[in-house]
Structures are given as C-alpha cells and as structure tokens.
Amino acid sequence: MKDKPDSTNKKAHKVFKTDADWQSCLTPEQFYVTRQKGTERPFSGKYYDYWEEGAYVCVACGAELFTSNTKYHSGSGWPSFWEVANRENIELKKDTRLGMIRTEVLCSKCGAHLGHVFEDGPPPTGLRYCINSAALNFVPDKTK
Ligand code: FE
C-alpha cells in the first residue's frame, strides 16, 4: 500500500490514562469508540456531513490527525479522508476482529481507536480513512 504511514510503531503512548481517567474526561460515546474500539452508527456522527475548513484533532488528547483539505464525500456515513494531517500522530494496526482483515487507525499519542483505513479511496492516495466522529474534535481554521 503506497503512501501509508508506518505501521510498525510499537512505541508506548505518550499520553497514558486509566480507563477510569478516560471515562471521567470523555462522553460515554467517545469512551466506547476510542477506548473500547467501538463504531458509531453510520450517518449518526457530527462530522460525516460537515464541511467547514479546519483541523480534526484527537478527541482524547488533542493531537492533530486530519484536515478538511483531504476530507471527502465517501457516502459511507462516517467522516472520510484520503490522507492524514500528520503521520507521526497516526498508528496503524492489523485488525482481525469480526472475521475480517482490516487496518485499524489509532492516535499514536494516546492510543485512541479512530477507525479503519481502506484502499478504495480517491486519488491521489487511493486511501479511505474511515473515522468515527466521536473520536474527533473539529478546530476551525481561523485564517479563513
Ligand atoms: Fe489521541
């Protein structure tokens, strides 16, 4: 897979909290998605049909993950991006849950589960980062 971030990151996460700590600073939905690898219902999240200009940061630790420049309409019901904002902040892992082989996308700073990446995205990367709204916080671009 071309242009994909390094998937061999075995470093410990810089931001570490216990589940109780995460539960106290995240909503139940955010906790379910980011710490329990849950998936929000399609077309239910706040960002799948959101097109303001700015950055999408990790809801758990604030690391910049994606930007509106690479967000596109995938029709999947989840926010979709064809590239990441900062490869250092993204970790990829093989996920064999649910009887499928998928590539899980995590925040490398805090280990938050974000979603999965698929190879059916648009040019120039051909990638589709399928990300839960509940794992993201939008930060408007104040230069616009
Ligand atoms: Fe994070």
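Numbering-wise (our numbering), the sequence shown opens with residue 34 and increments by one.
Just so you know, even glycine gets a beta-carbon here, dropped at the ideal spot from N, CA and C.
Straight-line Cα distance separating residue j from residue i
| i | j | result |
| --- | --- | --- |
| L59 | K126 | 23 Å |
| E124 | E97 | 13 Å |
| K43 | S141 | Note that K43 scores a pLDDT of 47, beneath 50, so its modelled location is shaky and nothing firm can be said. |
| L169 | R68 | 13 Å |
| H146 | E86 | 24 Å |
| A118 | V90 | 9 Å |
| W55 | F64 | 7 Å |
| G71 | A53 | 17 Å |
| T41 | E62 | Any reading at T41 needs caution, since the residue's pLDDT is 45, under 50, leaving its predicted position unreliable; the model's value is listed next. Those two C-alpha atoms are separated by around 28 Å. |
| S57 | L139 | 21 Å |
| I164 | D82 | 13 Å |
| N122 | L131 | 26 Å |
| V48 | E137 | 19 Å |
| M133 | V66 | 19 Å |
Given residue i as reference, the closest of the options once Cα atoms are compared
| i | options | result |
| --- | --- | --- |
| S166 | D153, H149, T129 and R130 | H149 |
| E105 | F64, L139, Y80 and A93 | For clarity, residue 105 is Tyr in the given sequence; the question names Glu instead. Nearest C-alpha to Y105: Y80. |
| D171 | S107, L147 and V92 | Looking at the sequence shown, residue 171 is not Asp but Phe. Measuring from the Cα of F171, the nearest candidate turns out to be V92. |
| C94 | K50, C163 and P173 | K50 |
| S107 | V138, K70, F151 and T72 | F151 |
Residue range of the unbroken alpha helix (DSSP H) whose run includes residue i
| i | result |
| --- | --- |
| D52 | D52 to C58 |
Sequence-distant residues of the same chain with beta carbon closer than 7 Å to residue i, five excluded per side
| i | result |
| --- | --- |
| F76 | G110 |
| T103 | F114, W115 and E116 |
| P155 | Y105 and W115 |
| K175 | none |
| K35 | Low local confidence applies: a pLDDT of 45 at K35 is under 50, so the model's placement there is unreliable, with the coordinate-based value given in what follows. Answer for K35: no residue qualifies. |
| R135 | D128 and H149 |
Neighbourhood of residue i by C-beta, 6 Å cutoff - its chain only, sequence neighbours within 5 removed
| i | result |
| --- | --- |
| G144 | H46 |
| A88 | E97, T100 and V172 |
Other residues of its chain near residue i: CB distance less than 8 Å, five sequence neighbours each side excluded
| i | result |
| --- | --- |
| D153 | G159 and R161 |
| W84 | S101 and K104 |
Residue span of the beta strand (DSSP E) that contains residue i, given as start and end
| i | result |
| --- | --- |
| F64 | That residue, F64, is in no beta strand (DSSP E); its alpha helix (DSSP H) goes P61 to Q69. |
| P173 | L169 to P173 |
| V150 | H146 to F151 |
| task | Tell me the start and end of each unbroken beta strand (DSSP E) in the segment 80-130 that is at least 3 residues and wholly inside, in chain order. | result | 87-91, 97-100 and 123-128
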